[in-house]
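S.K.: Got a structure here, written out as structure tokens. Questions coming.
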Amino acid sequence: MFFRMVRGTFARQWKKMLMIAVTVALGASIATAMLNVMLDVGDKINEELKTYGSNITVIPQSEAVISKLYDVENNDVQTEYIEEEKIGELMTIFWANNITDFAPVNDTLAELNGTEVTLVGSWFDHHLEFKKKGTVYQRDTGLTNLRSWWDITEGEMLDEQKHSENCAMVGVQLAAEQNIRSGDTVTVECSGRTKQLEVVGIFESGDDEDNYIYTTLDCEQELSGCGDMMKKVEVSAITSPDDELAVKAARNPSLLSGDEYDLWYCTAYVSSICFQIQEAIPEASASAVRQIADSEGKILEKTQLLMTLITVLSLFGATLGISNLVTSGVMERSQELALLKAVGATNGEVTLLVLTEIMITSVIGAAAGYFLGFAFAQVIGQSVFSSAVEMSGMAAFIVIVLIIAVTLVGSIPAIRMLMRLRPSEVLHGGH
Amino acid sequence: MSKLLELKNISKIYGELHALDNVSLTVDKGEWIAIMGPSGSGKSTMMNIIGCMDKATSGQVIFDGKDISKESRRKLTEFHRDKIGLVFQQFHLINYLNAVENVMVAQYYHSMPDEKEALEALERVGLKDRAKHLPSQLSGGEQQRVCIARAIINSPELILADEPTGNLDEANENIVLDIFHQLHREGTSLVVVTHDDEVGLEAQRIVRLEHGKITSDKKNDNFHE
Ligand SMILES: Nc1ncnc2c1ncn2[C@@H]1O[C@H](COP(=O)(O)OP(=O)(O)OP(=O)(O)O)[C@@H](O)[C@H]1O
Ligand SMILES: [Mg+2]
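Sequence lines, in order, name chains A and B.
The numbering of the first sequence is the working numbering, which starts it at 1 and goes up by one.
The numbering of the second sequence is the working numbering, which starts it at 1 and goes up by one.
Below, the structure written as structure tokens:
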């Protein structure tokens with residue numbers, strides 16, 4: 001009976017219901033688009049910001065050529081190394097003071113309890129001394145700063161002073177898969193060599209590294225048998241934003257005029273720092289890692305604020321629209337609704353009937369709006385952030401909650417009118 | 001005979017206007033009363049108060065020994081759907097539901113819709129073969145009979161009818177009056193508002209209202225079952 005009545009309303013007031021659905025769909029689509037973009041692209045950019053703790057990587061020149069040629073990162077091809085000794089040169093360059101941290105990062109494939117994992121050897125809080133032309137350079141550097149975003153979920157950060165070289169940090173995902181806890185001892189095998197490593201901590205990085213196992217550089221070198229060599233150095237440097245000169249220089253420094261060259265060399269551009277690193281370590285190739293600058297982060301924040309505002313406004317508009325449509329719908333039907341009351345329906349029952357109709361309409365509208373909004377999100381994602389937007393369950397959930405709230409709030413005026421509807425006044429009209 | 005309904009000093013005041021002015025009236029169980037009077041005399045106002053669709057400004061309404069004038073709106077609604085069947089002057093039906101469904105709406109809000117019972121009610125008003133017709137496909141008289149079927153479906157103790165024959169021709173008027181006689185014989189109380197002397201004279205008792213006051217209250221000597 002109830003649904004027969006609901007159906008009757010749809011049959012009779014389909015135009016109004018369609019308009020409500022369209023209003024809801026519009027509101028929902030904008031909310032969906034904005035939320036999906038905010039949640040997804042925001043995450044992506046934040047992830048990138050986090051991931052690139054270093055902004056320069058230094059790799060052996062030969063490998064740079066190979067990976068440029070084939071555009072691949074292939075561990076098997078890598079045969080050339082940089083001597084560990086040479087890393088000290090980083091402290092001697094003109095912009096040495098702008099280099100805040102650096103560390104060798106040697107990754108290798110190893111077997112952990114029969115599964116293949118990536119084993120990374122690096123410095124944690126390494127004390128480095130380097131003598132050159134009678135000067136002693138020294139520095140404490142390593143992953144402790146270069147991975148400042150790591151969240152130690154268990155145990156502690158590896159400490160080279162305190163722990164032996166045969167200690168390890170395990171990524172949270174790997175730890176979960178292999179049921180590794182801090183304090184455990186794990187057996188790692190690489191190129192026929194085996195080592196027992198004590199796990200001192202579990203970390204969460206939020207990226208692929210969650211599947212890695214980190215150990216000291218010495219330990220990795222012994223396991224992989226590469227001696228005192230480095231496969232890669234991560235460098236974090238304070239740089240000046242690129243301008244025209246930097247762009248020109250990045251193409252080919254030798255094309256600069258003398259004055260330009262001096263200006264470029266003495267400005268902390270990423271490209272000039274890389275250039276100087278290559279000067280100091282000729283067998284290395286230094287290149288800038290694409291990094292989202294702070295200013296871009298701020299723009300992101302502002303964009304998110306703007307998107308939030310658009311969402312709020314569109315939902316506000318939808319609420320007003322729904323409120324109008326529902327009220328006029330109830331007004332049109334006042335006779336019918338009064339009759340239901342005269343026949344014995346309570347206020348609650350009539351409200352339930354009207355709300356059910358509106359909710360069904362809203363749900364249909366919201367579903368349509370969600371997919372529309374998702375398509376819209378792709379357009380925004382591609383054109384503004386050049387990144388596809390993933391469908392977010394969170395966004396769907398928020399949209400559902402928002403639309404229900406919008407529909408309910410929008411129905412309040414109509415429901416109040418409905419409550420006040422007196423059958424005696426409506427039905428006996430024309431006293 | 002025991003009292004079904006008692007109005008005690010009921011007044012309904014709209015601003016300056018006393019639509020009902022200190023009216024007292026008793027309806028016994030099984031009694032059939034006609035309420036007559038000129039337009040604007042307060043007949044519909046009185047019906048609304050009896051039918052729990054409106055509240056009096058002052059005075060008491062006692063139904064089955066219970067004072068209902070102080071009850072909440074929700075209680076009044078429950079009360080009215082259990083005890084009272086309403087028939088209006090205009091044939092108020094839900095126009096997208098067919099005849100039997102219109103009757104079932106009253107069942108739905110009372111207890112449970114039961115198509116068989118609803119069809120029986122339509123049969124009583126002689127409309128079984130029109131059960132699947134929409135109101136727009138029924139004549140005025142037929143629509144009013146659907147309203148009566150809806151009013152009696154939950155076996156009310158009291159039928160309140162406001163100008164039930166006002167818009168009907170003579171033939172249909174007679175059909176409706178026959179149904180009222182039948183209900184009366186079954187023991188249902190009836191309060192029927194009418195302008196029409198002929199309709200009024202079918203009742204056991206005739207109450208006249210003028211300017212919100214009862215001016216006469218007489219037994220109808222010509223009443224016949
Ligand atoms: N809601 C209201 N607000 C103000 N005045 C009202 C209201 N309802 C009724 N009245 C007034 O109360 C008086 C009695 O009205 P009521 O409807 O009871 O008359 P009636 O006897 O049913 O008349 P009719 O035979 O024309 O139906 C009228 O003067 C009417 O204008
Ligand atoms: Mg009237």
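Even glycine gets a Cβ: it sits at the ideal position worked out from N, Cα and C.
Do residue 132 of chain B and residue 119 of chain B have their beta-carbon atoms positioned less than 8 Å apart in this structure?
M.R.: No, Cβ-Cβ distance for residue 119 of chain B and residue 132 of chain B is not below 8 Å.
S.K.: With a Cβ-Cβ cutoff of 8 Å, do residue 207 of chain B and residue 20 of chain B count as a contact?
M.R.: For residue 207 of chain B and residue 20 of chain B, no; Cβs fall outside 8 Å.
S.K.: Quick check on residue 106 of chain B - is its C-beta less than 8 Å from some C-beta in chain A?
M.R.: Answer yes: the Cβ-Cβ gap between residue 106 of chain B and chain A drops below 8 Å somewhere.
S.K.: In whole angstroms, give me the CA-to-CA distance for residue 156 of chain A and residue 202 of chain A.
M.R.: Their Cα atoms are separated by approximately 8 Å.
S.K.: Could you check the C-alpha separation between residue 145 of chain A and residue 375 of chain A for me, to the nearest Å?
M.R.: C-alpha separation (whole angstroms): 41 Å.
S.K.: Taking 8 Å as the threshold (beta carbon to beta carbon), is residue 36 of chain B in contact with chain A?
M.R.: Chain A, which has no Cβ nearer than 8 Å to the Cβ of residue 36 of chain B, makes this no.
S.K.: If we ignore side chains and look at the alpha-carbon of each, how far apart do residue 387 of chain A and residue 396 of chain A end up?
M.R.: Spanning the two alpha carbons is a distance of roughly 20 Å.
S.K.: Just mark residue 75 of chain A as buried or exposed, buried being the case when its beta carbon has 16 or more other beta carbons within 10 Å.
M.R.: Model confidence at residue 75 of chain A stands at a pLDDT of 49, short of 50, so the residue's coordinates are unreliable; what they give is reported in the following sentence. It counts as exposed.
S.K.: Specify whether the stretch 66-78 of chain B and the stretch 170-189 of chain B touch according to this definition: at least 3 beta carbon pairs, one from each stretch, less than 8 Å apart.
M.R.: At 8 Å Cβ cutoff, the stretches do not touch.
S.K.: Assess contact between the stretch 116-123 of chain A and the stretch 213-224 of chain A, defined as three or more Cβ pairs (one per stretch) separated by less than 8 Å. Is contact present?
M.R.: Contact holds: three or more Cβ-Cβ distances are below 8 Å.
S.K.: Please confirm whether any heavy atom of ligand 2 lies closer than 7 Å to the CB of residue 43 of chain B.
M.R.: Residue 43 of chain B Cβ: within cutoff of ligand 2.
S.K.: By a C-beta neighbour count over all protein chains shown, 10 Å radius and 16 as the cutoff for buried, is residue 107 of chain B buried or exposed?
M.R.: Counting Cβ neighbours within 10 Å, residue 107 of chain B comes out buried, since at least 16 surround it.
S.K.: Reducing DSSP to helix, strand and coil, say where residue 163 of chain A ends up.
M.R.: DSSP places residue 163 of chain A in coil when its eight states are reduced to three.
S.K.: For residue 7 of chain A, which residues from the same chain have a beta carbon less than 7 Å from its beta carbon, with the 5 sequence-adjacent residues on both sides left out?
M.R.: If we look at residue 7 of chain A and ignore the five residues flanking it on each side, it has no Cβ neighbours.
S.K.: So residue 12 of chain A contacts chain B; which residues on that side make the cut at Cβ distance below 7 Å?
M.R.: Correct list: 96.
S.K.: Judging by CA-CA distance, which residue of A:334, A:100, A:392 is the nearest neighbour of residue 237 of chain A?
M.R.: Closest option to residue 237 of chain A, Cα to Cα, is A:100.
S.K.: Nearer than 7 Å: is that true of the beta carbon of residue 162 of chain B relative to any heavy atom of ligand 2?
M.R.: Because some heavy atom of ligand 2 lies under 7 Å away, the Cβ of residue 162 of chain B counts as near it: yes.
S.K.: Anyone know if the C-beta pair for residue 93 of chain B and residue 147 of chain B falls short of 8 Å?
M.R.: It is a contact, given that the beta carbons lie within the stated cut-off.
S.K.: Which residues, in order along the stretch 327-343 of chain A, keep a beta-carbon less than 9 Å from a beta-carbon of chain B?
M.R.: Here the close residues are 335, 336, 338, 339, 340, 341, 342, 343.
S.K.: Say whether chain B places a C-beta atom closer than 8 Å to the C-beta of residue 431 of chain A.
M.R.: Residue placement at residue 431 of chain A cannot be trusted, given a pLDDT of 36 that sits under 50; what the coordinates show is reported in the next sentence. Judged by the 8 Å Cβ criterion, residue 431 of chain A is in contact with chain B.
S.K.: Can you tell me where the beta strand (DSSP E) with residue 11 of chain B in it begins and where it stops?
M.R.: Here the beta strand (DSSP E) through residue 11 of chain B covers 3-14.
S.K.: Can you name the start and end residues of the beta strand (DSSP E) that residue 432 of chain A belongs to?
M.R.: Any answer about residue 432 of chain A is impossible in this case: the structure gives chain A only from 1 up to 431.
S.K.: From what residue to what residue does the beta strand (DSSP E) around residue 35 of chain B run?
M.R.: Per DSSP, residue 35 of chain B belongs to the beta strand (DSSP E) from 32-36.
S.K.: Roughly how many angstroms lie between the CA atoms of residue 115 of chain B and residue 12 of chain B, to the nearest whole one?
M.R.: When rounded, the distance between both Cα atoms is 40 Å.
S.K.: Name the chain B residues whose beta carbon is nearer than 7 Å to that of residue 356 of chain A?
M.R.: Near residue 356 of chain A there are no residues of chain B at all, since even the closest Cβ is about 14 Å away, more than 7 Å.
S.K.: Measure how close the beta-carbons of residue 59 of chain A and residue 280 of chain A come, nearest whole angstrom, since I'm counting them as under 8 Å.
M.R.: With 8 Å as the limit, residue 59 of chain A and residue 280 of chain A do not qualify as a contact, their Cβ atoms being about 15 Å apart.
S.K.: Does the beta-carbon of residue 425 of chain A, which I'm using as the reference point, lie nearer than 7 Å to any heavy atom of ligand 1?
M.R.: Yes, the Cβ of residue 425 of chain A comes within 7 Å of a heavy atom of ligand 1.
S.K.: Following the continuous alpha helix (DSSP H) through residue 274 of chain A, name the residue where it begins and the one where it ends.
M.R.: Run containing residue 274 of chain A: 270-280, per the alpha helix (DSSP H) assignment.
S.K.: Contact defined as beta carbons within less than 8 Å: I believe residue 35 of chain A pairs with residue 88 of chain A. What is the distance between those atoms, to the nearest angstrom?
M.R.: With 8 Å as the limit, residue 35 of chain A and residue 88 of chain A do not qualify as a contact, their Cβ atoms being about 50 Å apart.
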